[in-house]
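Residue numbers (my numbering), protein chains in the order written: chain A, 2 to 328; chain B, 2 to 328. Glycine residues also receive a C-beta, built at the ideal position from the N, C-alpha and C atoms. Let me begin by presenting the structure, written as structure tokens, before commenting on it.
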């Protein structure tokens with residue numbers, strides 16, 4: 002089995018590649034080859050028992066997508082995207098990568114023809130939804146994105162369903178929750194604080210909380226996200242039906258509940274590293290975000306996420322900190 | 002006021018142009034100029050009291066959209082599209098015209114900049130919805146198209162909202178009911194029979210009914226459709242909010258109810274010209290179409306349609322047949 006990951010240098014792409022290297026198989030089939038692609042050179046995972054090819058290019062350029070799929074990978078993970086903040090400030094770049102790039106990938110697969118029909122997993126986002134929201138967003142809530150990023154992801158989902166319906170590939174769209182605790186350095190993304198207030202204190206650093214503790218949001222761990230991707234690649238896709246984009250399960254909790262879990266896991270001295278510094282701009286942005294979902298469909302399709310924030314923290318401590326919390 | 006109509010040679014484009022010529026003004030402003038464009042040369046409306054320029058080209062070709070908007074029309078009616086049947090059989094052509102063409106038009110407007118922000122009316126379709134449906138589709142039902150045409154129209158709506166949000170134009174998306182009774186010759190739309198079984202018998206010709214009489218569908222007359230377009234061009238668009246695509250009002254009735262109205266209006270000899278010839282392919286396509294809507298939002302925004310099928314037939318007899326039914 003040959004697997005292609007677009008966005009292979011990103012946080013999720015690296016974790017997915019590492020998991021594939023560890024497992025050596027996917028859905029009961031031996032992995033014979035892995036191709037990683039990104040706009041910056043991806044690093045191959047450690048100790049893979051199969052050949053790994055790494056490529057660096059802009060996949061929205063003419064011919065790039067064709068080159069990537071010419072070897073006919075059996076499974077394509079399309080994780081490549083311009084993130085929400087940048088897609089909002091750089092309108093043309095957002096559309097070029099998130100819409101044109103995605104469409105060119107789909108087209109490249111379609112044009113191979115000859116019965117080639119890979120499983121194609123597209124990571125979408127809860128940004129396909131726009132306020133006002135119900136208390137919990139159900140599987141049939143409509144897509145009215147309020148950002149260019151959300152618009153681009155919604156279009157990617159629509160094309161995914163149409164190309165799948167036409168038999169050009171076997172598409173699965175995944176609307177990921179916010180990934181928390183995100184490893185790496187703090188960033189300036191408006192959603193960054195959800196992870197920062199856990200990651201930094203657990204590592205002995207101070208973190209800034211720019212919103213009030215009653216802000217509610219929708220989370221899943223990086224480990225759960227890799228699980229979503231693997232399940233999407235191996236599940237019986239006939240069960241999905243015509244509506245190929247799936248709102249994934251996650252955990253809805255408030256910042257206050259995050260902090261309570263952090264106290265339980267790390268004690269008062271960890272929580273004391275959170276500095277409250279309200280930021281009106283971030284408060285306003287976050288107020289327009291989804292807070293809770295009722296992801297019945299995904300659960301019935303076998304997707305699994307954490308059920309407590311404590312569990313999310315323990316995953317982080319295990320996977321990123323070698324089990325050690327900074328004193 | 003300068004008005005541009007894309008799809009100006011189509012049924013709706015011609016009727017709209019004729020109405021503009023008759024009125025001489027739009028929303029209280031004198032029309033100073035009308036530009037008609039289509040892939041076949043449009044004919045200018047009769048007796049227009051303003052200059053009418055007619056252009057023939059493929060607006061999806063590079064540079065065409067830029068040329069069309071270079072004169073900065075105040076109102077753009079974008080009615081140009083590959084119809085559902087053809088978009089389904091010719092995948093590439095459907096995407097090239099309905100997606101790329103639409104996007105290039107939006108891009109051409111955006112790239113002018115300099116505060117240019119025309120009212121842009123985009124005709125969408127109830128094909129943005131896909132079965133299974135509730136008894137009546139409400140304003141917040143989700144878009145899960147089951148055709149390439151419906152996918153393309155949904156994408157056109159999403160882009161319309163995003164470009165409007167960004168201030169590049171002032172977009173209004175109109176999800177037209179099926180236009181009935183459609184004058185002229187049958188086109189490639191699978192929905193053609195809804196009109197054929199009225200138009201041909203009223204003109205003394207035989208028509209084929211390929212579905213059973215219990216098929217329910219959603220209709221508005223060409224006259225109502227022109228009314229929708231004019232209202233969309235002149236209404237206070239601030240009332241629409243962020244969700245720029247509007248499901249328009251229409252009349253929900255069965256083919257049997259259509260025939261009963263036809264009998265009332267034209268008598269048994271007219272109805273006898275309908276030949277029942279079930280077509281499994283059309284039956285299957287139509288089974289996936291919406292049957293009824295609850296278009297509260299459009300009604301509250303001032304859009305109006307017919308309330309009986311008899312009324313729709315009388316509009317046709319008045320507007321197309323000079324009041325005369327074939328004996």
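Residue 225 of chain B: first and last residue of the uninterrupted alpha helix (DSSP H) it sits in: 223-235
Candidates A:321, A:326, A:205: closest to residue 16 of chain A by CA position: A:321
What does the Cβ neighbour count give for residue 324 of chain A, buried or exposed, with the cut at 16 atoms within 10 Å? exposed
Applying a beta-carbon distance threshold of less than 8 Å, which residues of chain A neighbour residue 147 of chain B? 166, 243
Contact set between residue 144 of chain B and chain A, taken where Cβ atoms lie within less than 9 Å: 143, 144, 155, 159
Under a Cβ-count criterion, where at least 16 other Cβ atoms within 10 Å of its own Cβ denotes burial, should residue 135 of chain B be classed as buried or exposed? exposed
Nearest-angstrom Cα distance between residue 46 of chain A and residue 273 of chain A? 36 Å
Would you report the Cα separation of residue 36 of chain A and residue 14 of chain B, rounded to the nearest angstrom? 50 Å
Leaving out five residues before and five after residue 250 of chain B in sequence, what residues of the same chain have Cβ atoms less than 7 Å from its Cβ? 296, 299, 300, 304, 305, 306
Cβ of residue 116 of chain B within 9 Å of any chain D Cβ: Reference to chain D is not applicable here, since the protein chains of this structure are A and B.
Distance, residue 293 of chain A Cα to residue 55 of chain A Cα: 38 Å
Tell me the rounded alpha-carbon separation between residue 218 of chain B and residue 8 of chain B. 25 Å
Compute the Euclidean distance between the alpha carbons of residue 209 of chain B and residue 123 of chain B, then round it to the nearest angstrom. 32 Å
Go to residue 276 of chain A, then tell me how far its beta strand (DSSP E) extends in each direction, as first and last residue. 275-277
Run the CB neighbour count on residue 186 of chain A, radius 10 Å, all protein chains shown included, and call it buried at 16 or more, exposed below. exposed
With a CB to CB cut of under 7 Å and the five nearest residues on each side skipped, what residues in its chain are close to residue 165 of chain B? 171, 172, 245
Could you please tell me which residues of the stretch 288-319 of chain A, in chain order, have their CB closer than 7 Å to any CB of chain B? none
Which whole-angstrom value describes the C-beta separation of residue 86 of chain A and residue 18 of chain A, a residue pair presumed to lie in contact below a C-beta threshold of 8 Å? Not really, about 25 Å apart at Cβ, beyond 8 Å.
Using a C-beta cutoff of 9 Å, does residue 162 of chain B count as contacting chain A? yes
Do the stretch 59-77 of chain B and the stretch 108-122 of chain B make contact, defined as three or more Cβ pairs closer than 8 Å? yes
Confirm, please, whether the CB-CB distance from residue 241 of chain B to residue 176 of chain B is below 9 Å. no
Looking only at C-alpha atoms, which of B:132, B:137, B:139, B:157 sits nearest to residue 145 of chain B? B:132
So, with DSSP's three-state summary, where would you put residue 122 of chain B? strand
Would residue 102 of chain A pass as an interface residue toward chain B - the criterion being a Cβ-Cβ separation below 9 Å? no
Alpha carbon to alpha carbon, what distance is there between residue 213 of chain B and residue 287 of chain B? 11 Å
Give the residues of chain A in contact with residue 131 of chain B, contact being defined as C-beta atoms less than 7 Å apart. 243
Among B:81, B:126, B:128, the one whose alpha carbon lies nearest that of residue 105 of chain B: B:81
So, is the C-beta of residue 152 of chain A closer than 9 Å to a C-beta in chain B? yes
Closest by CA to residue 259 of chain B, which one among B:200, B:319, B:326, B:243? B:200
With distance defined between alpha-carbon atoms, name the residue in A:102, A:67, A:92, A:184 nearest to residue 223 of chain A. A:184
Return no unless some Cβ of chain B is closer than 9 Å to the Cβ of residue 123 of chain A. no
Contact set between the stretch 78-93 of chain A and chain B, restricted to residues whose Cβ is under 8 Å from the partner: 92
What separation, rounded to the nearest whole angstrom, lies between the Cα atoms of residue 264 of chain B and residue 252 of chain B? 18 Å
If the criterion is Cβ atoms closer than 9 Å, does the pair residue 61 of chain B and residue 98 of chain B meet it? yes
Would you say residue 21 of chain A and residue 32 of chain A are within 9 Å of each other, going by their C-beta atoms? yes
Among residues of its own chain, excluding the 5 on either side of residue 67 of chain B, which ones have a beta-carbon nearer than 7 Å to its beta-carbon? 109
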